[in-house]
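Which chain is which? The protein sequence lines are R and W, in order.
For the record, in the first sequence the residue sitting at position 255 is 255 according to UniProt numbering, with numbers rising by one throughout.
For the record, in the second sequence the residue sitting at position 145 is 145 according to UniProt numbering, with numbers rising by one throughout.
Backbone N, C-alpha and C fix where the C-beta goes; we use that ideal spot for every residue, glycine too.
Below: one structure, written as structure tokens.
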Amino acid sequence: MTELDAAPRSQIGLLARLHVDAWLAVLLLAVCSVGLFVIYSATGSDGGAVISQVQRIGMGIVALLICAQAPPELYRNFAPYLYAAGLLLLLAVLVLGDHSKGAQRWLDLGVVRFQPSEIMKIAVPMMVASYLHGSNIPPRLQTLAGAVVLVAVPTALVAVQPDLGTSLLVVAAGGFVLFFGGLSWRWIASVVGLATAAAPIVWMNMREYQQQRVLTFLDPSSDPLGAGYHITQSKIAIGSGGIFGKGWLNGTQASLDFLPESHTDFIFAVFAEEMGLLGVLALLTLYTLIVARGLVIALRGQDTFQRILAGGLSLTFFLYVFINIGMVMGLMPVVGVPLPLVSFGGTSMVSLMAGFGILMSIQTHRKLISS
Amino acid sequence: MGNYDAIKDLHAERQTFFVRALVALIACGIAIAILVSRLVSLQVFQHADFLTRSNENRMRLVVVPPVRGLIFDRNGAVLADNVPSFVLELIPEQVDDIENTLKRLSRIVSLDNEDMERFRDRLRRTPRYRGVPIRTRLTMDEVARFEINRHDFSGVDIRAGLTRRYPLGESAAHVVGYVGGVSEEELREFGAEGYRGTTHIGKNGVERSHEVNLHGKVGAKIVETNATGRPLRDLNYDRGAPGQSLYLTVDAQLQVAAEAALGDREGAVVAIQPSSGEVLALVSKPGFDPHLFVDGIGFKTYKALNANPTKPLFNRALQGQYPPGSTIKPLMAMAGLEYAVTTEHERVFCPGYYELPGSSRKYRDWKRRGHGWMDMDRAIAESCDVYFYKLAEQLGVDRIEAMLSQFGLGSATGLDLPGEKGGLLPSRDWKRAAKREAWYPGETLNIGIGQGYMMMTPVQLAQTMALVAMRGQGYVPHIVHAEEDPLSHTMRRVAPTPVPSIETRDPRAWSEVIHALIEVTTTQGGTGYRAFHDAPYLAAGKSGSAQVAGLAQDEAAPELSSVPKHLRDHALFVAFAPVESPQIAVAVIVEHGGGGGSVAGPVVRAVIDDWLLRDADPTADADAGNAAGATVLTPAAAAATTTTTAPEGAG
Numbered sequence: 001m002t003e004l005d006a007a008p009r010s011q012i013g014l015l016a017r018l019h020v021d022a023w024l025a026v027l028l029l030a031v032c033s034v035g036l037f038v039i040y041s042a043t044g045s046d047g048g049a050v051i052s053q054v055q056r057i058g059m060g061i062v063a064l065l066i067c068a069q070a071p072p073e074l075y076r077n078f079a080p081y082l083y084a085a086g087l088l089l090l091l092a093v094l095v096l097g098d099h100s101k102g103a104q105r106w107l108d109l110g111v112v113r114f115q116p117s118e119i120m121k122i123a124v125p126m127m128v129a130s131y132l133h134g135s136n137i138p139p140r141l142q143t144l145a146g147a148v149v150l151v152a153v154p155t156a157l158v159a160v161q162p163d164l165g166t167s168l169l170v171v172a173a174g175g176f177v178l179f180f181g182g183l184s185w186r187w188i189a190s191v192v193g194l195a196t197a198a199a200p201i202v203w204m205n206m207r208e209y210q211q212q213r214v215l216t217f218l219d220p221s222s223d224p225l226g227a228g229y230h231i232t233q234s235k236i237a238i239g240s241g242g243i244f245g246k247g248w249l250n251g252t253q254a255s256l257d258f259l260p261e262s263h264t265d266f267i268f269a270v271f272a273e274e275m276g277l278l279g280v281l282a283l284l285t286l287y288t289l290i291v292a293r294g295l296v297i298a299l300r301g302q303d304t305f306q307r308i309l310a311g312g313l314s315l316t317f318f319l320y321v322f323i324n325i326g327m328v329m330g331l332m333p334v335v336g337v338p339l340p341l342v343s344f345g346g347t348s349m350v351s352l353m354a355g356f357g358i359l360m361s362i363q364t365h366r367k368l369i370s371s
Numbered sequence: 001m002g003n004y005d006a007i008k009d010l011h012a013e014r015q016t017f018f019v020r021a022l023v024a025l026i027a028c029g030i031a032i033a034i035l036v037s038r039l040v041s042l043q044v045f046q047h048a049d050f051l052t053r054s055n056e057n058r059m060r061l062v063v064v065p066p067v068r069g070l071i072f073d074r075n076g077a078v079l080a081d082n083v084p085s086f087v088l089e090l091i092p093e094q095v096d097d098i099e100n101t102l103k104r105l106s107r108i109v110s111l112d113n114e115d116m117e118r119f120r121d122r123l124r125r126t127p128r129y130r131g132v133p134i135r136t137r138l139t140m141d142e143v144a145r146f147e148i149n150r151h152d153f154s155g156v157d158i159r160a161g162l163t164r165r166y167p168l169g170e171s172a173a174h175v176v177g178y179v180g181g182v183s184e185e186e187l188r189e190f191g192a193e194g195y196r197g198t199t200h201i202g203k204n205g206v207e208r209s210h211e212v213n214l215h216g217k218v219g220a221k222i223v224e225t226n227a228t229g230r231p232l233r234d235l236n237y238d239r240g241a242p243g244q245s246l247y248l249t250v251d252a253q254l255q256v257a258a259e260a261a262l263g264d265r266e267g268a269v270v271a272i273q274p275s276s277g278e279v280l281a282l283v284s285k286p287g288f289d290p291h292l293f294v295d296g297i298g299f300k301t302y303k304a305l306n307a308n309p310t311k312p313l314f315n316r317a318l319q320g321q322y323p324p325g326s327t328i329k330p331l332m333a334m335a336g337l338e339y340a341v342t343t344e345h346e347r348v349f350c351p352g353y354y355e356l357p358g359s360s361r362k363y364r365d366w367k368r369r370g371h372g373w374m375d376m377d378r379a380i381a382e383s384c385d386v387y388f389y390k391l392a393e394q395l396g397v398d399r400i401e402a403m404l405s406q407f408g409l410g411s412a413t414g415l416d417l418p419g420e421k422g423g424l425l426p427s428r429d430w431k432r433a434a435k436r437e438a439w440y441p442g443e444t445l446n447i448g449i450g451q452g453y454m455m456m457t458p459v460q461l462a463q464t465m466a467l468v469a470m471r472g473q474g475y476v477p478h479i480v481h482a483e484e485d486p487l488s489h490t491m492r493r494v495a496p497t498p499v500p501s502i503e504t505r506d507p508r509a510w511s512e513v514i515h516a517l518i519e520v521t522t523t524q525g526g527t528g529y530r531a532f533h534d535a536p537y538l539a540a541g542k543s544g545s546a547q548v549a550g551l552a553q554d555e556a557a558p559e560l561s562s563v564p565k566h567l568r569d570h571a572l573f574v575a576f577a578p579v580e581s582p583q584i585a586v587a588v589i590v591e592h593g594g595g596g597g598s599v600a601g602p603v604v605r606a607v608i609d610d611w612l613l614r615d616a617d618p619t620a621d622a623d624a625g626n627a628a629g630a631t632v633l634t635p636a637a638a639a640a641t642t643t644t645t646a647p648e649g650a651g
């Protein structure tokens with residue numbers, strides 16, 4: 001007997017039948033709508049860009065609905081296959097990937113160009129969750145070692161593309177699942193310590209442009225034409241917005257072309273300039289509510305798999321928000337992470353929505369267990 | 001996995017997860033607090049500062065395009081430089097009534113319809129806060145008149161910049177090329193970052209092929225401006241780097257002499273220094289004025305240039321593909337000696353035609369009556385076709401292909417100019433792939449006299465002569481021999497690249513072929529005798545003519561005068577000199593010129609004369625730095641107009 005069956009008839013609406021979580025749905029649509037307004041402004045009132053973003057949101061909703069229909073058990077059993085397929089695609093990218101901007105990230109399927117590392121953002125946490133599901137929580141050392149391998153292999157494959165940003169996000173997604181899986185605090189501390197110690201080695205293995213980004217972050221004036229310029233202009237945009245903002249379509253930084261990539265990775269700066277601190281706080285509240293709802297779904301999850309996967313997905317989503325806003329405000333180096341659900345672009349829209357579809361599946365397929 | 005559930009402590013697990021979720025929530029809270037405190041710092045405490053920077057003191061990134069590298073000839077004569085120019089610009093955002101402003105402007109500076117058209121076109125494609133050029137190359141007079149009236153024209157200004165100048169004008173335009181407005185496509189090819197602020201890019205010639213060296217590195221400064229856009233101070237200045245200067249192998253004086261020798265006829269001249277592969281002159285006629293392209297060529301002018309039947313934009317020297325005609329015969333002779341199918345003494349009787357065994361089809365000699373008994377020397381000197389029909393038949397297409405490909409036929413020489421074509425060296429495989437047909441023996445005979453499918457560019461023709469002159473040890477033809485850093489004045493020489501040497505069984509074969517080529521220019525009846533018999537140096541040469549009209553194979557060539565000009569054969573002549581220590585190898589093609597020896601020969605002679613005898617000629621010691629002296633040209637021009645009725649290789 002599912003919760004659906006037990007609920008009063010009046011509540012069995014269309015949303016429930018579609019396995020849609022109303023809370024999440026409202027919040028997601030709200031953020032997406034905010035995105036449409038900001039894109040319109042950031043592109044200099046380009047209706048075409050808005051229409052194409054609407055299409056992408058539509059694609060995202062379709063992905064969400066599809067993902068919400070499948071019961072969580074299916075994901076649990078399906079995880080190894082998705083994971084294996086993802087690994088194969090990553091290998092394929094290395095062998096026959098399309099060279100775009102000096103890195104092999106894309107796979108050309110003729111019709112669409114496709115970035116397999118995007119799959120891994122979902123496949124890795126799902127796989128690790130599925131793996132941990134079968135063992136005791138907190139996991140023993142052997143189990144842990146297996147999980148580390150499950151995270152490390154795809155991470156390495158993404159890192160050599162090279163796409164350091166995405167590989168860190170894949171690590172984070174896997175790490176969050178381990179965290180929710182009960183990884184002991186001692187281990188967490190050791191990993192953080194190790195990471196700090198390994199930093200110089202990572203630095204030496206970074207590509208020149210990646211090192212350049214970090215250096216630019218430390219000293220924005222060292223690269224007046226490139227990323228340093230972005231950060232400086234972005235800070236001016238945000239700071240000049242003040243508490244109340246300059247008003248929609250009135251931001252001068254973006255429209256005067258001072259702010260590059262204003263409708264993609266740096267869209268937050270446009271929003272902050274036009275809507276001010278109050279607008280930003282409202283947007284941050286929406287994001288926080290989404291994450292909170294995700295964590296609630298996680299808490300109500302019915303088995304280890306559901307709980308830690310839902311927790312992992314929610315936290316990963318928050319990480320995206322944090323990285324993008326932190327980057328735009330000059331708190332961290334410029335990495336190519338879009339502002340979730342707001343930035344112009346299709347790939348991240350679809351994969352994020354698919355993730356929320358899985359969350360909704362976990363929420364709506366709950367069975368009532370008599371205690 | 002299900003059987004683990006029983007062992008699992010579900011309660012403890014839920015407990016653990018609850019704690020973890022709580023910790024996660026707290027971590028998120030901390031992260032949000034960090035973001036918010038940064039936001040408050042930016043938007044509340046530093047708000048006034050940032051608002052000032054955003055509104056009143058807008059920071060403006062000013063890109064400083066690099067100064068383009070200069071181009072010199074081998075002696076330092078300027079082929080391309082930059083001169084100051086004044087551009088009238090309008091910033092649409094700051095002008096209320098653009099049409100009215102244009103009307104008032106036209107009373108001060110001259111604006112024709114093409115200027116207006118170009119301006120309106122650019123106006124549509126440019127952001128409103130960016131300057132749109134109205135007129136380029138203002139005269140000093142116009143600059144002065146505008147300055148007096150500038151208070152009437154807010155939003156209109158004169159911007160000083162550098163524009164490209166080609167002192168030789170039409171001369172060498174096909175070598176140097178030209179710059180033009182940079183296109184989206186080119187930005188993608190060369191990287192948009194490197195071209196911020198750069199408006200022009202090399203479109204052709206050396207300007208294109210060495211674009212990367214010439215362009216330099218874009219500089220940038222961040223300028224603080226007030227609300228009206230007036231610069232207040234430079235915050236950061238990266239000077240970039242000017243482009244490299246290039247020294248070409250071309251000799252401007254020889255280039256001009258070669259162009260004059262060709263006169264108004266359509267054709268090409270290529271002169272190469274055999275010992276280095278340096279291209280001394282490269283002419284394609286007719287030429288064009290490169291300045292037409294620098295300011296953005298008008299649609300009508302471009303259409304006219306493109307539609308011109310003489311194709312002035314087409315670089316015949318490296319893109320024109322012609323049958324080499326009889327100029328191929330020395331290479332055929334090399335093949336004959338190399339594969340030992342003949343010797344220099346073996347004689348062939350020429351009755352005026354040749355028949356393949358078992359076929360009654362007649363392959364005609366250009367000389368109807370025939371040449372009689374021919375050995376290798378005479379066959380080359382008089383350009384006997386029958387001799388080479390027989391030689392080609394004996395060699396067969398495969399061995400011919402093997403030898404000719406060693407001379408570089410069928411593939412581009414690698415000259416460092418854009419668009420070089422490779423010609424065509426036919427073979428069995430080529431024909432099967434291109435025509436889906438087997439190779440016929442008659443086609444081998446056609447190759448033997450440089451006709452049929454075979455195609456060569458003038459650069460290839462000159463290169464084959466250079467290779468013969470150097471007895472198989474040559475270099476890739478090249479046109480840039482040094483680059484100079486304009487700041488440090490350090491020169492970097494471009495080392496010539498050797499081509500794979502042509503290995504021969506018996507090195508005496510080279511001597512024999514060169515001997516035959518000397519006969520061409522020194523003996524009565526030699527097709528180059530008229531042009532070269534009085535030369536004060538010893539030259540080795542070969543005439544040729546490339547069939548334009550497809551004659552039936554057994555049809556005799558008609559009288560030249562009875563053929564309409566556009567159906568006349570192309571005249572070719574190749575030569576090198578002096579034979580003892582070759583300093584120059586030249587190939588000339590005169591389109592529809594008729595006889596190679598009589599029409600192309602004198603052009604070659606004029607070019608070699610200019611190169612070898614320049615210092616001896618009292619009229620020719622003009623300063624090499626100002627190489628465009630016309631005085632040198634008189635003897636060459638005179639020679640070029642001489643027409644004789646000397647025997648010609650029609651093959």
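Candidates the options, of which the one nearest residue i by Cα
| i | options | result |
| --- | --- | --- |
| Asp398(W) | Ala577(W), Ala335(W), Asp375(W) and Ser427(W) | Ser427(W) |
| Val548(W) | Ile502(W), Ala606(W), Phe532(W) and Gly452(W) | Gly452(W) |
| Ala577(W) | Gly593(W), Ile589(W), Arg568(W) and Lys542(W) | Lys542(W) |
| Asp115(W) | Val95(W), Pro92(W), Leu88(W) and Asp96(W) | Leu88(W) |
| Val499(W) | Ser275(W), Trp366(W) and Glu93(W) | Ser275(W) |
| residue 695(W) | Ala12(W), Ile201(W) and Val64(W) | Missing from the structure shown is residue 695(W); chain W here goes from 1 to 651 and no further. |
| Gly474(W) | Asp152(W), Val279(W) and Arg568(W) | Val279(W) |
| Arg505(W) | Ala335(W), Val283(W) and Leu262(W) | Ala335(W) |
Through-space distance from residue j to residue i, alpha-carbon basis
| i | j | result |
| --- | --- | --- |
| Arg20(W) | Arg293(R) | 16 Å |
| Arg137(W) | Ser85(W) | 5 Å |
| Leu289(R) | Val170(R) | 23 Å |
| Ser598(W) | Leu461(W) | 18 Å |
| Asp416(W) | Val206(W) | 8 Å |
| Thr327(W) | Ser405(W) | 15 Å |
Cut-off 8 Å between Cβ atoms - residues of its own chain near residue i, not counting five sequence neighbours on either side
| i | result |
| --- | --- |
| Leu313(W) | Phe288, Leu305 and Asn306 |
| Val158(R) | Leu90, Ser117, Met120, Thr166, Ser167 and Val170 |
Exposure of residue i, with buried meaning 16 or more beta-carbon neighbours within 10 Å
| i | result |
| --- | --- |
| Trp203(R) | exposed |
| Asn315(W) | buried |
| Asp377(W) | buried |
| Phe45(W) | exposed |
Where the alpha helix (DSSP H) containing residue i begins and where it ends
| i | result |
| --- | --- |
| Arg186(R) | Trp185 to Asn205 |
| Met332(R) | Where Met332(R) is concerned, there is no enclosing alpha helix (DSSP H), given that its DSSP letter is neither H nor E. |
| Phe244(R) | Premise fails: Phe244(R) is in no alpha helix (DSSP H) and is neither H nor E. |
| Asp429(W) | Arg428 to Lys435 |
Close Cβ partners of residue i (< 6 Å) along its chain, the five nearest in sequence each way excluded
| i | result |
| --- | --- |
| Ala495(W) | none |
Sequence-distant residues of the same chain with beta carbon closer than 7 Å to residue i, five excluded per side
| i | result |
| --- | --- |
| Met455(W) | Gln321, Tyr322, Pro323, Gly423 and Leu424 |
Residue range of the unbroken beta strand (DSSP E) whose run includes residue i
| i | result |
| --- | --- |
| Cys350(W) | Val348 to Cys350 |
| Glu483(W) | Val480 to Glu484 |
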